[in-house]
Amino acid sequence: MLLEAGTLLRTFSHLHFRNMLFNIGSFLQKKLHVLFMQSDGGLTPMDNFNGSRAVLSGPAGGVVGYAITTQEQFSRRPVIGFDMGGTSTDVSRYDGKYEHVFESTTAGVCIQAPQLDINTVAAGGGSMLFFRSGMFVVGPESAGANPGPACYGRGGPITVTDANLILGRLLPKYFPRVFGETDDEPLQTSAAMTGFKALTHEINHFMMGASPSFKEMTVQEVAMGFIEVANEAMCRPIRAMTQGKGHDIFQHILACFGGAGGQHACAVARALGITKIYIHRYSGILSAYGLALADVVQEMQEPCAKVYCEENMQYFDEKIQELIHKCVQRLKKQGFQQ
Numbered sequence: 250m251l252l253e254a255g256t257l258l259r260t261f262s263h264l265h266f267r268n269m270l271f272n273i274g275s276f277l278q279k280k281l282h283v284l285f286m287q288s289d290g291g292l293t294p295m296d297n298f299n300g301s302r303a304v305l306s307g308p309a310g311g312v313v314g315y316a317i318t319t320q321e322q323f324s325r326r327p328v329i330g331f332d333m334g335g336t337s338t339d340v341s342r343y344d345g346k347y348e349h350v351f352e353s354t355t356a357g358v359c360i361q362a363p364q365l366d367i368n369t370v371a372a373g374g375g376s377m378l379f380f381r382s383g384m385f386v387v388g389p390e391s392a393g394a395n396p397g398p399a400c401y402g403r404g405g406p407i408t409v410t411d412a413n414l415i416l417g418r419l420l421p422k423y424f425p426r427v428f429g430e431t432d433d434e435p436l437q438t439s440a441a442m443t444g445f446k447a448l449t450h451e452i453n454h455f456m457m458g459a460s461p462s463f464k465e466m467t468v469q470e471v472a473m474g475f476i477e478v479a480n481e482a483m484c485r486p487i488r489a490m491t492q493g494k495g496h497d498i499f500q501h502i503l504a505c506f507g508g509a510g511g512q513h514a515c516a517v518a519r520a521l522g523i524t525k526i527y528i529h530r531y532s533g534i535l536s537a538y539g540l541a542l543a544d545v546v547q548e549m550q551e552p553c554a555k556v557y558c559e560e561n562m563q564y565f566d567e568k569i570q571e572l573i574h575k576c577v578q579r580l581k582k583q584g585f586q587q
């Protein structure tokens, strides 16, 4: 028996989330109204929650957060969301309404469900740094939270975070003492420096062999080189969703959030020609903040084989009104008024 990958995803995610929701429900009061975030940027009751529609629910919360708060501050100018975390960076766009896609491919699996148009780049604070075939490479492998970057003091590889530390963009004195093998030490600049010295030696040895006139690079130059590679990787999808679709990128505001967004926002904005950056006061938890701002959403669809032409417009209008009526009835059952 052959099963389509999307069907398998829906089946296994449903089983996983059903068990999770059962465990959550057993600890909650029966009258407590619990809502879950979906990939389309809307909330839904626990009873209607489906795992396959929650693949991008975390980043979707961030989109809602910056969309609602940023445009209120800047006279309705279009906004680019720049959400840089530990493993990846999510970029999106908002210009008065959410941009949705109804079919996407995630990890090679085609998902047919409404989602916010969010592009993910495998470059984050934990992305590992490599020198391969004479090129600086950032990711897609990530150090994760454990062991984490080299500066965590747990034997991890050098990462984008270590590069920022070497360049003085991260100040250890402002971080809690939760690192090291015993989780009570500060960020370890020495561990990051040791890793970068070894990598710098490897790069200089390779380049001197290829060109004897090559001027040796310093540790700081190597670190900056990797940062520039990471920044360009994050600029590409932003250009694709703005200039690639006919939008004037210079008119946009860059809203940065996530744990590492502020470290790269200025360089990314400069490379794109964006002159205004918005850093939310809750930038580190903006995805969670967005959950509190999101609306409850009811979505329905049904297949149709008719040709989209003038003579079928009445049929389409009637079908749309039927779907709207069904959605309204479901919202009324949740306690909403007409």
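Residues 250 to 587 (the working numbering) make up the sequence shown, in order. All C-beta atoms, glycine included, are put in the ideal place defined by N, C-alpha and C.
(request) Note down, in chain order, each residue of its chain lying with its Cβ closer than 6 Å to the Cβ of H574, except the 5 sequence neighbours on either side. (result) Cβ neighbours of H574 within its own chain (closer than 6 Å, five residues either side excluded): none.
(message) With a threshold of 6 Å (Cβ to nearest heavy atom), would R426 be considered close to the ligand ADP?
(response) As far as ligands go, the structure on display features none, and thus does not contain the ligand ADP.
(request) Decide if the segment 370–389 is in contact with the segment 336–345; the criterion is three or more beta carbon pairs, one per stretch, under 8 Å apart. (result) When Cβ pairs closer than 8 Å are counted between the two stretches, the segment 370–389 is seen to touch the segment 336–345, the count reaching three or more.
(request) Please name the residue, chosen from E348, M456, D332, A316, that lies closest to R325 on a Cα-to-Cα basis. (result) When E348, M456, D332, A316 are compared, the shortest CA-CA separation from R325 is found for A316.
(request) Check each candidate in A479, T491, A518 and name the one with the smallest Cα separation from G388. (result) Selected option, being the one with the closest Cα: A479.
(message) Checking the sheet assignment: what are the DSSP bridge partners for P294?
(response) In the DSSP assignment, the residues bridged to P294 are L284.
(request) May I have the straight-line CA-CA distance separating L436 from R426, to the nearest angstrom? (result) Note on geometry: alpha-carbon atoms of L436 and R426 lie some 7 Å from one another.
(request) Out of F475, E470, I534, point me to the one whose CA is closest to C505's CA. (result) The shortest C-alpha separation from C505 is found at I534.
(message) I need the DSSP call for D432, collapsed to helix, strand or coil.
(response) Three-state DSSP puts D432 in coil, outside helix and strand.
(request) Tell me whether V427 sits in a helix, a strand or coil according to DSSP, three-state version. (result) V427 falls in the coil class under three-state DSSP.
(request) Just grab the DSSP bridge partners of C505 for me. (result) Under DSSP, C505 shares a beta bridge with F331, I528.
(request) List the DSSP bridge partners of R485. (result) Residue pairing by DSSP leaves R485 without any beta bridge partner.
(request) Going by DSSP, name the residue or residues bridged to L378. (result) Under DSSP, L378 takes part in a beta bridge, and its partners are V387.
(request) Determine the direct distance from the alpha carbon of E390 to that of M606, and round the result to whole angstroms. (result) The requested residue 606 does not occur in the structure, where the chain is confined to residues 250 to 587.
(message) Suppose the cutoff is 6 Å on Cβ atoms and the five residues either side in sequence are ignored; what does the same chain contact list for Q512 look like?
(response) Taken in chain order, the residues that qualify are N413, R418.
(request) Could you check how far apart the C-beta atoms of L305 and I367 are, in whole angstroms? I think they sit under 8 Å. (result) Rounded to the nearest angstrom, the Cβ distance from L305 to I367 is 6 Å, consistent with a contact under 8 Å.
(message) Using the three-state DSSP reduction, which class does L365 fall into: helix, strand or coil?
(response) L365: strand per DSSP, three-state reduction.
(request) Classify Y557 as helix, strand or coil using the three-state DSSP reduction. (result) Correct three-state label for Y557: coil.
(request) Would you please state the rounded distance, in angstroms, between the beta carbons of Y347 and G290? I believe it to be under 8 Å. (result) The pair is a contact, with the Cβ atoms about 5 Å apart (cut-off 8 Å).
(message) Among the candidates G539, E567, V468, N299, whose CA atom is the shortest distance from the CA of S439?
(response) Looking only at G539, E567, V468, N299, the smallest Cα-Cα distance to S439 is reached by V468.
(request) Could you tell me which residues DSSP puts in a beta bridge with H349? (result) Answer is L365.
(request) Return the first residue and the last residue of the beta strand (DSSP E) that S341 is part of. (result) Where S341 is concerned, the enclosing beta strand (DSSP E) starts and stops at 338–343.
(message) Between the alpha carbons of Q583 and F298, how many angstroms are there, rounded?
(response) Distance between the alpha carbons of Q583 and F298 is about 14 Å.
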